[in-house]
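Residue numbers for the sequence shown follow UniProt numbering, beginning at 1 and rising by one. All C-beta atoms, glycine included, are put in the ideal place defined by N, C-alpha and C.
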Amino acid sequence: MLDVIVIGAGIAGASVAAELSDVARVLLLEQEQVPGYHTTGRSAAIYSPIYGPQPIRALTRASFAFFQAPPEGFCEHPLLRPIESVFVARADQIDRIDAMEAELSDAPSIRRMTRDALAQKVPILRAGYAECAIQDNGSSEIDVAGLHQGYLRRFKANGGMLMTRSPVTGLARESDCWRVSTPQNDYRAAIVVNASGAWADELGTMAGAERIGLVPKRRTAIMIDAPDGINVGALPVIIDADEEFYLKPDAGKLLISPANEDPEPPCDVQPDEMDIAICIDRIERAFDISVRRIDSKWAGLRSFVADKSPVAGFSKQVEGFYWLAGQGGYGIQSAPALARFAAAEILAQPIPAHILEERFNPDTVRPDRTGLQT
């Protein structure tokens, strides 16, 4: 019998499976042919310690040391590439910048920008569009594939078993273990970790666990050419203060998104033509950009519960069922610390001190916390 079965081989499942495999016998099940096919493989991930709700910001800060210095042999290239982030605000959004500045007053990497400073930093911004901004010098671009593959390599090096094309068709508690059924086989383990992304609530129902009110939400992105004469590599990531769009330099081109969050059932989500039209309209209003051609387009599902914090902890309804879901758009930047936290809980070990030192409160991610589904 196995110690742990982790369901879902995206970044959440791969990272916690790797952490657990240091000391436990672990099976990692993935319904698709390739791990990370859904949200992880479609992420435009940025490491930003000021992005997301408080529990995410704490986990992100606690992940920084891992990103900066991963274990020997984990990856061939650095996982982070520094890139500034700028949150821009029109005149009617200044109160949002005021609120951000107040909430993040203890963040040493941020500063407020005037209209003139913003025009120098972001020369493609349309004149008169933005009144002010928050600049974050502590953000970086994450090598998502390098991070994900590093965890999978570590997992396999520890003797972990990865089974792809293995959707879970049954979950049953038998005496002191779980029986997990797939079309190919039945597997047994003392503990099941639900890291199945957009499918997490469906899997929880199959197990007889509580529902957490998870809502998968579609986000569309497209790649376009930059205007002539622009040094794309010198641009920051530019995010609307109310997150109505973002623009990110990407290999000499511009990745743009309407930053939409449209509820969808769990699926292989595709880009929506209306999303694309809205995206182009918002970008052309904010920037001196005329979108004549779309190089590529895609969409991903970002899954949230009501308070937008992740869900990590053992079910209160069924024994040995651990939730690891609801990371939303923050799952990559918080993965190292969240995986270590979850592994410590699953193995009944103390929570690592470096996580608690960042003022992370485990009660804020419990599956039975107040207001989870409100």
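Look at the alpha carbon of residue i and the alpha carbon of residue j, and state the distance between them as a whole number of angstroms.
i    : j    : result
Q333 : S63  : 7 Å
E308 : S48  : The question names Glu, but residue 308 in the sequence shown is Lys. Cα to Cα, the separation comes out at about 16 Å.
A12  : I97  : 31 Å
P336 : D295 : 32 Å
D22  : S166 : 23 Å
G128 : W323 : 47 Å
V269 : P249 : 24 Å
F74  : R25  : 20 Å
W298 : A221 : 6 Å
A102 : D288 : 31 Å
A312 : M223 : 34 Å
T164 : Y187 : 14 Å
F87  : A241 : 5 Å
D201 : Y51  : 25 Å
A339 : G229 : 43 Å
W178 : N194 : 12 Å
L254 : P265 : 29 Å
Q31  : G8   : 7 Å
P227 : I5   : 49 Å
G300 : V215 : 13 Å
A45  : I238 : 13 Å
A145 : F66  : 15 Å
R173 : L235 : 53 Å
A58  : V305 : 18 Å
D143 : V168 : 29 Å
S139 : S85  : 6 Å
Helix, strand or coil for residue i per DSSP?
i    : result
E103 : helix
V26  : strand
K156 : helix
G313 : strand
K253 : strand
K121 : helix
Q31  : coil
A172 : strand
L356 : helix
E202 : helix
E264 : coil
A306 : coil
V215 : strand
R115 : helix
I11  : helix
DSSP puts residue i in a beta bridge; with which residues?
i    : result
C279 : Note: C279 sits in no beta bridge, so no partner.
A221 : W298
L20  : Its beta-bridge partners do not exist; DSSP assigns none.
M163 : L29
S196 : DSSP lists no partner for S196.
L247 : I238 and I256
R188 : R179
I110 : D136
On the DSSP letters alone, give me the boundaries of the alpha helix (DSSP H) that residue i sits inside.
i    : result
D272 : Unbroken run through D272: none, as it is neither H nor E.
R340 : A335 to I346
Grab the span of the beta strand (DSSP E) containing residue i for me, first residue to last.
i    : result
L324 : F321 to A325
I5   : L2 to I7
C132 : C132 to D136
C177 : C177 to S181
I230 : Segment: none, I230 is in no beta strand (DSSP E) and carries neither H nor E.
S140 : S140 to I142
message: Please give me, in chain order, every unbroken run of the beta strand (DSSP E) with length at least 3 that falls completely inside the segment 33-98.
response: 80-82 and 85-89
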